[in-house]
Structure formats: structure tokens, C-alpha cells
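J.: In the working numbering, the protein residues as written are 3 to 419.
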Ligand code: AMP
Ligand code: MG
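1. Closer than 6 Å to a non-hydrogen atom of the ligand AMP - does that hold for the CB of residue 379?
2. Note the first and the last residue of the continuous alpha helix (DSSP H) segment covering residue 475.
3. Looking at residue 77: is its Cβ nearer than 7 Å to the Cβ of residue 114?
4. Run through DSSP, which three-state label would residue 305 get?
5. In the DSSP assignment, find the unbroken alpha helix (DSSP H) run with residue 32 in it and report its ends.
6. Quick check on this structure: which residue in 182, 104, 74, 195 has the alpha carbon closest to the alpha carbon of residue 93?
7. Is residue 119 helix, strand or coil by DSSP?
8. How far does the beta strand (DSSP E) with residue 366 in it reach, from first residue to last?
9. Is any heavy atom in the ligand MG found nearer than 6 Å to the beta carbon of residue 268?
10. Could you pull the start and end residues of the beta strand (DSSP E) that residue 114 belongs to?
11. Would you check if the distance between the CB atom of residue 387 and the CB atom of residue 321 is smaller than 7 Å?
12. Quick one: what does DSSP say residue 94 is sitting in, helix, strand or coil?
13. Please classify residue 324: does DSSP put it in a helix, a strand, or coil?
14. State the Cα-Cα distance for the pair residue 274 and residue 222, rounded to the nearest angstrom.
15. Are there 16 or more other CB atoms within 10 angstroms of the CB of residue 239, so buried, or fewer, so exposed?
16. Looking at residue 196 and the ligand AMP, is the gap between the Cβ and the nearest heavy atom below 6 Å?
17. Measure the CB-CB distance between residue 358 and residue 391 and report whether it falls below 7 Å.
18. With a 10 Å radius around its C-beta and 16 neighbouring C-beta atoms as the bar for buried, classify residue 354 as buried or exposed.
19. Can you tell me whether residue 204 sits near the ligand AMP, meaning its C-beta is under 6 Å from at least one heavy atom of the ligand?
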């Protein structure tokens with residue numbers, strides 16, 4: 003299998019001389035510099051849900067393939083003028099999958115059922131509810147336009163047309179479309195494998211014995227779950243203490259087993275921030291200082307040729323940075339078209355003082371048609387992440403918000419979770 007070219011060492015380099023990079027600049031950089039890293043395989047449609055198309059898919063057949071009836075009724079040629087009509091009915095019928103043999107003579111009608119290919123000599127159909135049926139004849143009122151109650155061949159999709167573009171993440175509806183146009187298997191990218199590891203001497207597994215300073219590892223189960231929802235293969239690399247040698251070994255293993263590595267904790271520039279220190283040592287580290295709240299510095303780099311997203315340790319910042327930065331970046335690595343989080347404007351149910359010059363994401367949910375935000379913005383407040391059903395995104399230059407002001411709400415689903 004042909005392997006895509008490796009990522010460049012400087013793929014995460016932000017513009018020089020900017021102390022706090024705006025979110026949009028950082029995102030544009032990820033979009034422009036990253037590229038797909040996964041190979042391609044053929045899968046049957048039945049196994050294609052959630053997979054990423056590796057090539058444009060064209061329709062093998064038109065939908066509908068032939069002109070057909072949209073209703074149960076009677077078919078005949080041409081238009082019918084206003085007034086009462088009686089028409090003789092030919093023997094036989096046209097049903098879906100059961101063609102009418104022969105030609106329907108002008109001035110005669112034939113019984114047709116929904117989905118039946120229009121017999122030769124039939125262009126127009128009248129609903130059975132609109133006719134009185136006698137012995138071998140029907141009576142009804144005009145007018146009827148030529149082509150009424152029928153579907154044209156290819157009115158939905160024409161054979162040879164683009165059915166779905168490369169980079170599309172296949173939905174259930176997409177599987178219906180591809181089936182309808184005769185596509186039985188598709189070329190998709192192999193699933194992106196994403197390694198997740200937590201760092202910190204204080205971390206213990208829930209259920210384990212604790213000492214007074216212990217903190218249960220909250221990030222790993224969250225990140226592994228989110229990655230599954232993104233359609234990636236989460237690879238659990240466990241917890242690593244604040245020990246450089248141990249972390250180095252674990253990163254080596256992660257780089258072998260996965261296409262991307264997500265770490266949390268240890269990404270700043272403190273004494274125990276070994277993720278950033280190791281990436282620095284590897285010579286491929288970029289400290290991302292983004293004008294965003296919540297979000298301490300992110301450490302981005304390559305380890306063994308694999309991109310590393312060094313997320314902050316605080317669970318709130320870890321999740322927001324994953325949704326806002328890591329998700330679209332991993333999407334590109336996985337072959338997806340660029341993912342924009344889908345949100346909408348809604349009145350605020352809250353008041354908030356905001357400094358211009360940075361973007362803010364607030365844990366939020368909708369109640370009674372207004373966006374509520376969690377009572378505390380503390381980035382250690384995990385209960386707020388769980389309380390929330392999405393995020394309010396306050397633009398870089400937005401200032402104070404009053405109740406009733408319109409704000410942008412992005413449901414978690416808009417981020418793919
Ligand atoms: P750090 O980024 O390593 O300086 O960690 C910042 C804060 O997040 C500290 O209070 C850590 O204890 C906490 N933290 C780091 N990793 C996790 C984790 N996996 N689960 C819960 N809290 C964490
Ligand atoms: Mg730490």
C-alpha cells in the first residue's frame with residue numbers, strides 16, 4: 003500500500019513575533035499544513051458508516067433509473083383538459099418491478115402502481131382516489147398537466163454525476179444514496195488510530211488506592227470516548243508519571259501503535275512539564291499560545307514522525323482544546339474535509355464581562371430557548387462539562403454580554419460528539 007508522505011517538522015510552526023495567536027489563524031494553519039496520513043482500503047457499503055471517502059464517488063446508475071409513477075392510479079398519454087372524462091382501461095397493469103408488456107394506445111388508460119416504470123404510451127398519472135372505476139373504464143375530472151404524478155428518470159441523480167465527494171464522512175443517509183445509485187463498495191481511508199496518555203505523578207485510576215494528593219485520571223476516559231465518537235480508533239496508552247525516561251518510552255510505544263498522539267498534562271514550561279521538554283528535545287516542538295479561554299499553552303510537535311497534541315491537564319481546557327483544535331486537525335490527518343463546528347445564534351440567559359482580544363468558550367446548554375452558562379468558569383470544574391450540552395463561543399472582539407444579547411451556541415453534536 004502506498005504510504006502518504008511524512009509530515010514536515012515545521013508543520014505546527016505559528017507565525018513568528020505574535021505573542022497570542024488568534025484561534026482562526028491557528029486553525030487556518032492546521033488546515034493548510036496538515037495532510038492525510040492514513041492509507042486507503044475498499045469496504046462494502048454495509049461496513050462504511052462513519053468512514054471517510056478517499057475518492058469522489060460517481061453514480062453508477064441514475065435515480066430513479068426510469069420514469070415512474072409517484073402514486074397508485076391510472077396512466078395515459080399527455081395532458082387532460084378541464085371537464086369530465088371517461089376513458090377505457092387496457093388489460094394488464096404496471097407495478098414496481100413488474101413492467102407492463104406492450105404499448106398503451108392513445109385515449110386509453112392503464113392501471114399503474116407507485117414506483118412502476120411508465121409503460122410506453124403513458125406520460126401522466128391520475129390518483130386512484132380521484133377516479134371512479136367502472137367495468138374496464140374510469141371516470142374523472144380534468145385538468146391534468148402532462149407528466150402529473152410521475153417522476154422523471156434521473157430527476158434525483160444522473161448516472162455519472164458526483165454522488166458524494168472525497169473527504170465525506172459517511173452517514174446513514176449517504177449509504178441510502180450510494181445504494182440507490184448502484185455503488186456497492188467504496189474507497190475509504192483507514193481509521194485514524196489515536197493514542198491517548200495522561201501524565202502526572204498525582205494521577206491514579208478510579209478504584210485504585212489513593213494518597214491525600216492523588217487525583218483520579220479524568221481526562222483519559224473522556225478523550226478515549228470522544229475519539230470513538232469522532233470515528234477514530236482510540237488507543238489507550240495509560241498514565242505516565244512525571245518522569246522523563248518513562249514518558250519517552252511511552253511516547254515511543256504510542257508512535258508505533260498510533261497515527262497521532264494526544265497527551266494531557268505536562269504541556270507548559272514548568273519543571274514537571276515533561277511533554278513539552280521531550281518534544282523540545284526532539285527538535286520538533288511548538289508552544290502554542292492561543293488567544294483563547296480556557297486553554298493554557300498547547301505543546302504541538304512530532305514524535306517518531308507522529309503528530310503529538312500536548313493538551314493542558316485541566317479537564318475543561320483539555321476538552322475544549324480537543325474539540326476546537328485537535329478535532330479538525332485529526333480530521334485532516336484522517337482524510338476528512340475540513341470540519342467547521344456547526345452552531346447557531348440564540349439569546350443569552352446570562353450576563354458576562356469579557357475582555358476583547360481573545361476568544362472564550364463557556365460551558366452552556368439551552369433551556370427555554372436561551373443559552374444558559376455554567377455558574378463557574380473554573381477550568382477544574384468537571385461537573386460543568388457534564389452539566390453542559392454544548393459551548394457558547396464568544397468572538398475574539400466581543401465584549402460584555404447582557405441577557406437577551408445574541409450569542410453563538412455550538413451543541414456538542416456540532417463538534418461531532
Ligand atoms: P498540568 O497541565 O500537568 O500542569 O496539570 C494541570 C492541572 O490539571 C493539575 O491540577 C492536574 O492535577 C490536573 N490534571 C492533569 N491531568 C489530569 C487528568 N488526566 N485528570 C484530571 N486532572 C488532571
Ligand atoms: Mg502535571
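The C-beta atom is built at its ideal place from N, Cα and C for all residues, glycine as well.
T.: The structure says:
1. no
2. Given a span of 3 to 419 for the chain in the structure shown, any question on residue 475 remains unanswerable.
3. Against a cut-off of 7 Å, the Cβ pair of residue 114 and residue 77 comes out as a contact.
4. In the three-state reduction of the DSSP assignment, residue 305 falls in the strand class.
5. 25-35
6. 104
7. strand
8. 361-369
9. yes
10. 111-114
11. yes
12. strand
13. helix
14. 19 Å
15. Its Cβ being crowded by 16 or more others within 10 Å, residue 239 is buried.
16. no
17. no
18. buried
19. Yes - the ligand AMP has a heavy atom lying nearer than 6 Å to the Cβ of residue 204.
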